[in-house]
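Note that the sequence shown covers residues -12 to 354 in our numbering.
Please read the structure below before turning to the comments.
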Amino acid sequence: MPHGAQGRLRQAGRACRHHGRHAVRRAGHHQPAAHRRSLAAGNGQHPRALGVNGPGAVRRQALARLPRTLLASVGQIYFQPAPLSGAALLLCLYLGGQTLAPTCVLGAAAAIATAYAARWPAADIEEGLYSYNGALAGAALGALFDWSPALPAWIVGAGIVSAALCHGLLRRGAPPLTAPFALLMLAALAFGPTLGLRMLAPPPACGKGLLGYSFCVIGQAGFIDSMPLGALLLAALSHRDWRHGAWAMAGALLAWYVLTLGALWPRAGIAAQATGMGVNCALAVLALHVHGRAPATRLLGGLGAILLSLLLGKLGLPYFTLPFVLATWGALLLSALPEPLARQPDLNGATGAGAARRPPFRSRRNT
């Protein structure tokens, strides 16, 4: 989401909005760079002595914030740049398969290092906007491919490329969602076996029971194939706003309903795409909730993700989260509602007129 300086002066600074948050700048930091330099000089000290422009100070601050940035990157997979959400997902990855958490962190770290090296906006980096695709790609590569010397190189490369793709999409005003991840995973399937990757057996499909299926597809969005761990993850996603978890669950339940109806038409092949369509539907509904679209639009976006999953599955094409990306982009383009909803709190709890409003498809939320 673009920088802006809005609102009246507060706390000897100026309120500004960034990624839906309300930040307070220190006195003088709403001024141009030349003015900030003169303010620093007015205290009788060189600006570098105050740490304003010193590269060493910037690096130290970035390193100090690295653990939180890593957790935010992992949490952004589910649109939750909160340390608790990221820690919960890492815990679930570790419990589901001990190699998945390290590969997830490696992918995120490679993307974060790329973003800092390219000097992209620090606030965006710390929100995980450039690195959640790297985190997801790291978890996916660790889940789908056996350990080999080539695997870490693939994960690091995926982190670097995903960060560049995210930056390009954000500059054009499009939410990247998981488009970089989906493209990278398709490339890994196509070229990985000839470049040192060894495929593992695919994880078991989600069951058809109501709760078992719902918790499973929510977890499978982060390559967690356990129903109890999916339930734990859902609880973590709901800790800041119960509606976040509720809409993720609504997307999973919508997919379960379509799966149940699919039993009436066995030749439709719906059962074969049960896990894929559930993951994509849950993510699409959750994404449209985060972007403030109306409930009907969220459900229609989820149905669109299901239809795309069934179509690509019928064609025999691997799709990962591509149906979610296409359905969400389509819903954002066709919808004219502001983002976020007036009654939906932003990450600092502001509602109503204080909540940020933006035109469709200009949000810098990730996912």
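Where is the CB? At the ideal position from N, CA and C, for every residue including glycine.
Assigned exposure category for Ala88 - 16 Cβ within 10 Å defines buried: buried
Taking the Cβ atom as the reference point for each residue, do Ala259 and Gly300 lie within a distance shorter than 9 Å? yes
Compare the Cα-Cα distances from Leu80 to each of Arg106, Ala208, Gly289, Gly199 and report the closest residue. Ala208
Where the alpha helix (DSSP H) containing Thr315 begins and where it ends: 309 to 321
Does DSSP put Phe210 in a helix, a strand or coil? coil
Spatial distance of Ala239 from Ala44 (CA atoms): 46 Å
Identify the continuous alpha helix (DSSP H) that holds Ala228 and give its terminal residues. First, the residue type needs correcting, since residue 228 is Asp and not Ala in the sequence shown. Annotation: Asp228 is outside any alpha helix (DSSP H) and is labelled neither H nor E by DSSP.
Backbone secondary structure at Phe66 - three-state DSSP: coil
Member of Ala175, Ser225, Leu173 whose CA lies at the smallest distance from the CA of Ser72: Ser225
What do you reckon, are the CB atoms on Ile112 and Ala124 nearer than 9 Å? Result no, Cβ atoms of Ile112 and Ala124 do not sit closer than 9 Å.
Counting only runs of 4+ residues fully inside the region 158 to 190, write out the alpha helix (DSSP H) ranges in chain order. 166 to 178
For Gly194 and Ala242, I'd like the C-alpha separation in whole angstroms. Each residue's alpha carbon lies about 12 Å from the other.
Quick one: give me the first and last residue of the alpha helix (DSSP H) that Tyr119 is part of. 119 to 131
Among the residues of its own chain, which have a CB less than 7 Å from the CB of Gln48, if the five just before and after it don't count? none
Quick one: any contact between the region 283 to 296 and the region 249 to 268, if contact means 3 or more CB pairs under 8 Å? yes
Report the rounded CA-to-CA distance for Thr181 versus Ala188, giving the unit in angstroms. Computed Cα separation, rounded: 18 Å.
Distance, Thr247 Cα to Val92 Cα: Cα to Cα, Val92 sits roughly 37 Å from Thr247.
Could you pull out every residue in the same chain whose Cβ sits closer than 8 Å to the Cβ of Ala255, ignoring the five residues on either side in sequence? Gly249, Leu297
Taking 9 Å as the threshold (C-beta atoms), are Ala95 and Tyr103 in contact? no
Can you grab the Cα-Cα spacing for the pair Leu219 / Ala75, in whole Å? Here the C-alpha atom of Leu219 lies approximately 8 Å from the C-alpha atom of Ala75.
Please tell me whether Thr90 and Leu128 are closer than 9 Å, where the distance is taken between their beta carbons. yes
Given 8 Å as the limit, is there contact between the region 148 to 167 and the region 131 to 138, that is, 3 or more CB pairs closer than that? no
Cα-Cα, which of Leu156, Ala318, Tyr65 is closest to Ala222? Tyr65
In whole angstroms, what is the alpha-carbon distance linking Leu77 and Arg285? 28 Å
What's the gap between the Cα of Leu198 and the Cα of Met214? 8 Å
Run through the region 65 to 112 for me and flag every whole beta strand (DSSP E) of 3 or more residues, listed as ranges in chain order. none
What residue range is occupied by the uninterrupted alpha helix (DSSP H) comprising Arg285? 282 to 301
Alpha carbon to alpha carbon, what distance is there between Arg46 and Gln32? Because the pLDDT of Gln32 is 45, which lies under 50, any placement of that residue in the model is unreliable, and the number read from its coordinates should be weighed accordingly. Rounded to whole angstroms, Gln32 to Arg46 spans 21 Å at the Cα level.
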